[in-house]
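Structure, as structure tokens:
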Amino acid sequence: MLKGKVAIITGSTSGIGLGIARRLAASGANVVLNGFGDAAEIEAVRAGIEAEFAVKALYSPADMTKPDQIKGMVDLAVTTLGSADILVNNAGIQHTAPITEFPAERWDSVIAINLSAVFHGMQAALPHMQAKGWGRIVNIASAHGLVASVNKAAYVAAKHGVLGVTKVAALENAESGITVNAICPGWVLTPLVQKQIDALAAREGISIAEAQVKLLSEKQPSKQFTTPEQLGDLTVFLCSDAAANIKGASLPVDGGWTAQ
Ligand code: NAD
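Sequential numbering of the sequence shown, starting at 78, is according to the numbering used here.
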């Protein structure tokens, strides 16, 4: 379905981003991977996607705190693969602490990676999409883009901001073949969430398995994790013709978290 399209997925060396990159590649898109990690492991993932799905896969080491590197990642897609048709702004980090104890530099880095990088990525990619009259931007926000939790000031602020800038970008391109939407996952079992489960287990003196159940029970009525593959399939749908008139939407995939 996406054969010949070029998709850039930020933060795709791990977790949700990797799940989305694999589903886009399975649909025929050439992909630009991005994120941090062990160079040999990243190369194995990149080469594995090329072999498994018969597409081209590139790796960009762009740091999402650096606007010039974000533009460089988009330029790499255009110069090497020919276009920048799909942008999935997924890279994100978390830091938890009450506001009174929240380190200012952690606030700055969460806002930079989770929010400002979304703006810089769209600013770099939109001119290419506008020139072609077609594009898809999928911003990975969070249930925390819709509701708040304690101790997540920077994350909640950034994710609410992502929903705002998603709507602005959707409206600015409403009459074109470009759509801009956000996905709002609840709990997905990735390294980002595993850290929170480990911290909960240590804090309460319970097992990892018990901490998983406790974490889910507090917020997610389905008591099931969403999977990166499910989010990948939703992203592929948003890239399809069927989704051409979905513009500026915020789609929860949260097991009922924000229905409460
Ligand atoms: P993860 O930690 O598994 O992956 C994060 C990715 O971002 C990695 O590839 C990492 O290398 C990359 N990254 C981090 N800092 C970067 C930087 N400065 N520049 C470039 N890449 C960078 O996390 P995840 O759970 O897969 O989260 C992905 C996205 O989904 C995030 O935006 C997160 O907020 C969002 N999200 C996750 C959950 C969840 O339950 N896991 C829920 C809602 C939203």
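Note that CB positions come from ideal geometry on N, CA and C, so glycine has one too.
Predicted model, so just to flag it, every value in this text is computed and none were measured.
Report all residues from its chain with a CB closer than 7 Å to the CB of residue i; omit the five preceding and five following residues, and keep chain order.
i	result
M150	I85, V109, N111, S137, A139
V195	N166, N216, V239, V242
S284	A278
R99	I126, G309
K133	N107, E127, L158
V155	A161, H205
L192	A235, G238, V239
H221	K229, Y232, V233, K236
What residues in its chain sit with their C-beta under 6 Å from that of residue i, if we drop five residues either side in the sequence?
i	result
R183	H172
A246	M199, V257
Looking at the secondary structure, which residues open and close the beta strand (DSSP E) in which residue i lies?
i	result
P329	327-330
S137	134-137
T87	Taken as a continuous stretch (DSSP letters only), T87 belongs to no beta strand (DSSP E), as it is neither H nor E.
A259	254-262
G212	211-217
I163	163-166
V109	107-111
Should residue i be labelled buried (16 or more other beta-carbon atoms within 10 Å of its own) or exposed?
i	result
D331	buried
A128	exposed
R280	exposed
F130	buried
A202	buried
V290	exposed
Grab the span of the alpha helix (DSSP H) containing residue i for me, first residue to last.
i	result
V122	116-130
W184	181-188
V233	230-249
Q297	Segment: none, Q297 is in no alpha helix (DSSP H) and carries neither H nor E.
T312	305-315
P268	268-281
I147	144-153
Find the nearest neighbour of residue i within the set the options, judged by alpha-carbon distance.
i	options	result
L315	T256, V122, L266, A286	T256
A259	Q271, K244, L248	K244
A286	P298, I323, L266, T304	L266
E178	V227, G114, F113	V227
Q146	Q200, P305, G210	Q200
L153	A320, V83, E306, Y232	V83
P175	A124, A218, V233	V233
L328	G88, K236, A208	K236
A102	Q207, F113, V122	V122
L311	K300, G96, K148	G96
Using a Cβ-Cβ distance under 8 Å, would residue i count as near chain B?
i	result
A259	Judged by its chain identifiers, the structure shown contains no chain B, having just a single protein chain.
Which residues in the same chain have their Cβ closer than 8 Å to the Cβ of residue i, if we skip the five residues on either side of it in sequence?
i	result
P298	G332, G333, W334, A336, Q337
T303	P262, G263, W264, V265, V330, D331, G332
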